[in-house]
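As structure tokens, the structure follows; a few thoughts come after it.
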Amino acid sequence: MNSLSGCRSLLSRMEEARRQTQHQLDLIDRQIIRRMTAVIPHLHPRRHSYRRGQPPEPGAFLARYRANLAAITAERQQEIDALSRKLARQDRAIAALRERPAGRRSS
Numbered sequence: 284m285n286s287l288s289g290c291r292s293l294l295s296r297m298e299e300a301r302r303q304t305q306h307q308l309d310l311i312d313r314q315i316i317r318r319m320t321a322v323i324p325h326l327h328p329r330r331h332s333y334r335r336g337q338p339p340e341p342g343a344f345l346a347r348y349r350a351n352l353a354a355i356t357a358e359r360q361q362e363i364d365a366l367s368r369k370l371a372r373q374d375r376a377i378a379a380l381r382e383r384p385a386g387r388r389s390s
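Going by our numbering, the residue at position 10 of the sequence shown is 293; the numbering climbs one at a time, nothing skipped.
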């Protein structure tokens, strides 16, 4: 692959693979957000304690939210880590290909 068009096509394929990997990470992020959105109504404080004269604890909702977010994220953490490592490898490979001088782009 010593032609300039061959290098451009290789770079284009590598960039497309990187976009697909990033899309997979974004998809996982949206799925986590969707699940957290469904869980939020269940995190609100119980109403009966406020009727007894005790105001709801201000940090309790946030603590429950963070605990649920950590649990949901932990379920997908291995997949997130693997895709993040793959994305970093792809970034390094694309950067290395771009840094090569035009005359030395042969495989």
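Every residue, glycine too, gets a C-beta built ideally from N, C-alpha and C.
If you're wondering where the values come from, they're calculated on a predicted model, not measured in any experiment.
| Query | Result |
| --- | --- |
| With 16 other Cβ atoms within 10 Å as the buried cut-off, status of residue 304 | buried |
| C-alpha gap between residue 294 and residue 309, whole angstroms | 22 Å |
| Supposed close pair residue 300, residue 373 - CB separation, criterion 8 Å | 6 Å |
| Whole beta strand (DSSP E) elements within the stretch 287 to 327, 3-residue minimum | none |
| Cβ shell of residue 367 (< 8 Å), same chain only, five flanking positions each side left out | 308 |
| For residue 369 and residue 317, the rounded distance between their alpha carbons | 25 Å |
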